Each structure stands twice: as C-alpha cells, then as structure tokens.
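Visitor: In the numbering used here, the protein residues as written are 21 to 237. For each residue, glycine too, the CB sits at the ideal point set by N, CA and C. From a predicted model like this one, the values you see are computed outputs, not experimental measurements.
(1) When you compare only the Cα positions, how much space is there between residue 124 and residue 71?
(2) Hey, residue 106 and residue 187: beta-carbon distance below 8 Å or not?
(3) Is DSSP giving residue 153 helix, strand or coil here?
(4) Given residue 48, which residues of its chain have a CB within under 7 Å of its CB, disregarding the five upstream and five downstream residues?
(5) Counting Cβ pairs, one atom from each stretch, are 3 or more of them under 8 Å apart for the region 140 to 154 and the region 78 to 87?
(6) Just to confirm the assignment, what range does the alpha helix (DSSP H) spanning residue 124 have?
(7) Give the single residue among 26, 149, 57 and 83 whose Cα lies nearest to the Cα of residue 133.
(8) Please classify residue 46: is it buried, with 16 or more other beta-carbons within 10 angstroms of its beta-carbon, or exposed?
(9) Grab me the residues of residue 64's own chain with a C-beta within less than 8 Å of its C-beta, minus the 5 sequence neighbours each way, in chain order.
(10) Less than 8 Å between the C-beta atoms of residue 158 and residue 67, yes or no?
(11) Between which two residues does the alpha helix (DSSP H) harbouring residue 106 extend?
(12) Is it the case that the Cβ atoms of residue 181 and residue 111 are separated by a distance below 8 Å?
(13) Given this structure, state the Cα-to-Cα distance separating residue 179 from residue 147, to the nearest angstrom.
(14) Using 10 angstroms around the beta-carbon of residue 30, count the other beta-carbons present and answer buried if the total reaches 16, otherwise exposed.
(15) Mind checking which residues open and close the alpha helix (DSSP H) that includes residue 46?
(16) Kindly give me the distance between the Cβ atoms of residue 127 and residue 58, rounded to whole angstroms, as I take these residues to be in contact under 8 Å.
(17) According to DSSP, is residue 176 helix, strand or coil?
(18) Just the Cα atoms here: how many angstroms apart are residue 81 and residue 42?
(19) CB residue 160 to CB residue 103, shorter than 8 Å?
(20) Which stretch, first to last residue, makes up the alpha helix (DSSP H) that contains residue 112?
(21) Near residue 122, what residues of its chain come up, given a Cβ to Cβ distance below 7 Å and the 5 sequence neighbours on each side ignored?
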C-alpha cells in the first residue's frame, strides 16, 4: 500500500471524526442555548429547519466546488468554516441571532459533509475495497467524544459560548496537519467500441445517455 494513500485515508478519518464532534457539540448544547435565548421546545423546531436549510445550501455549494476545485482543496477549507461557525450559536442572545447562526453553521456543516464524503469515495476507489463504512464509524466516534466533552463542560459550569469556543479553537488548528491527499482511482482499461454494422449508429448511444448527472467522484 502506497504511503500517500495511507495518509489520505488517515486524513479522511480525521475529518469524519471532526464533523461528528462538531455536530455533536451543538446537539449537547441545545438545552443550554434554549435557556440562554429564551425559546420554547416548540419554537426550537423552526430553528432546526434553518439549520437544515443551511446544510442543504452548503451541500450544493460544496458539491460544485469539489467538482471544480477538487476535494483536496475544499475539504480543509470546509473543515475550518464548520469549526469557526460552531461558535456562533453559543454567542446568540436573541432568537433572530440564533436563527442566523444556525443557518451559517448548517452551511459550513453541509459543505464539509458533502466534500468529505466525495473524497472518501475517491479513497475507497483507490483502495479497491470497501472502506466507507469505517469512515462513517469514525463519525459516530466523534459524536461520542462530543457527548463526553459536553458533559465535562456542564460539570464544571461552562456555558455554551465557552464550551463551543473551546472545541472550535483546537478543531480549527487541526487543519494545519498535512492536507487531504488527492487520490485518483486506477485508469480504466481501454474501451473497445464495436464495429459499425449495417444498423443505425445511434444504437450505440441510447436516448438520454448524455443527460445523466455528473457525479463528484
């Protein structure tokens, strides 16, 4: 196994753990942020819609950027964006500020989610064996870490702003590690086209074959 490929796999693991940790930290702080902003459980549902809307937008942008610039460039930047924007919900004191903060954090999370998954597919293709389930397992490990850190912060009396800032700081600096390596799957074998027979040549290209969406990886 080539060393660059191993490095790419390790870096991808790191980003899956990071994403799980950041998202988990927000979930742990929901009750405290509810009390800080002064919203009810019923109103929280509307704010979660904003979080989902931001994630949807981030996925669209992250997918296009990954397709155009490559996941090696997009994943580290998306990781920094998601880490920094995690602080915003903890700073909110008014409902409208919380709504804007969740929209922005959702955007960062969606950008990281789609770009790191696109890169994970490239790593899996280069490995030529299934490794995607292992990446998603490390995402769950990040959620467990978030629960432990959140419980410890609550135990010592830290508020949402202090807790999320303490997590976002190291998470942002972790991107100084070697960037995600660009993995390319092995080139496909040459395609042998059948010789043109007496039938119509259009049979080689069924209708609609050019309208298929372009996948990111």
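Guide: Based on what the coordinates show:
(1) 8 Å
(2) yes
(3) helix
(4) 166, 167 and 170
(5) no
(6) 115 to 147
(7) 83
(8) buried
(9) 50 and 54
(10) no
(11) That residue, residue 106, is in no alpha helix (DSSP H); it is neither H nor E in DSSP.
(12) yes
(13) 44 Å
(14) exposed
(15) 23 to 48
(16) With a Cβ gap of about 25 Å, residue 127 and residue 58 do not count as contacting.
(17) coil
(18) 20 Å
(19) no
(20) From DSSP, residue 112 is part of no alpha helix (DSSP H); its letter is neither H nor E.
(21) 67, 70, 71, 74 and 109
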